[in-house]
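Numbering of the sequence shown is given in my numbering, commencing with residue 1471 and proceeding in unit increments. Even for Gly, the Cβ is constructed at its ideal location relative to N, Cα and C. Reading through the structure tokens given below for one structure.
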Amino acid sequence: MTGRVWSSDELRLLDGTRELQLAVEHPDGGTGPWVTVWVVRVGADAYIRTWHRRDTGWYGGVLRSRRARVRLGAPQAAEVGVAVEDVGARDTELTTAVDAAYRDRYGPGAGSMVTAASASSTLRLVPTGR
């Protein structure tokens, strides 16, 4: 996956952002509507999930385009282009770490985000610098 690492400032903003704003990038350069998703960090990587894997909505769109824009922080959000990597649940160690990050960050409300179905929807966000 082509990209760069998150800067220390971006990681700080990620840590302070409970809900990430994400817009799917279209091939024509436009973007879809901004949606709110939960985001967690494992090490220096950022991950998002949906509560169930599907081919529609923001999740289906980002699977097709593999690119998105995210807004970090508020009220003056930093906007970052990201490549999106579908990591699913194929790596048991990573799945366990992402599950733990969701539980740590969102507490009891994370229940629907740490199921086998949601784990299969895990996406890594890789900043591209655009």
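Boundaries (first-last residue) of the beta strand (DSSP E) holding residue i
i: D1556; result: A1548 to D1556
i: E1489; result: E1489 to V1494
i: T1506; result: V1505 to V1512
i: A1516; result: D1515 to I1518
i: V1540; result: R1537 to L1542
Which listed residue (the options) has its alpha carbon closest to that of residue i
i: R1519; options: P1597, D1485, G1599 and A1580; result: A1580
Per DSSP, cross-strand counterpart(s) of residue i
i: P1597; result: V1552
i: T1526; result: None, per the DSSP bridge assignment.
Euclidean distance between Cα positions of residue i and residue j
i: A1541; j: V1584; result: Correcting the residue identity first, residue 1541 is Arg in this sequence and not Ala. If I take the Cα positions, the gap works out to 24 Å.
i: P1578; j: S1588; result: 15 Å
i: T1486; j: D1525; result: Just to set this straight, residue 1486 is Gly in the shown sequence, not Thr. Taking the straight line from one Cα to the other gives about 30 Å.
Where the alpha helix (DSSP H) through residue i begins and ends
i: S1588; result: A1586 to A1589
i: V1568; result: T1562 to Y1576
Cutoff 7 Å; reference residue i; Cβ partners in own chain excluding five residues on either side
i: R1536; result: A1553 and V1554
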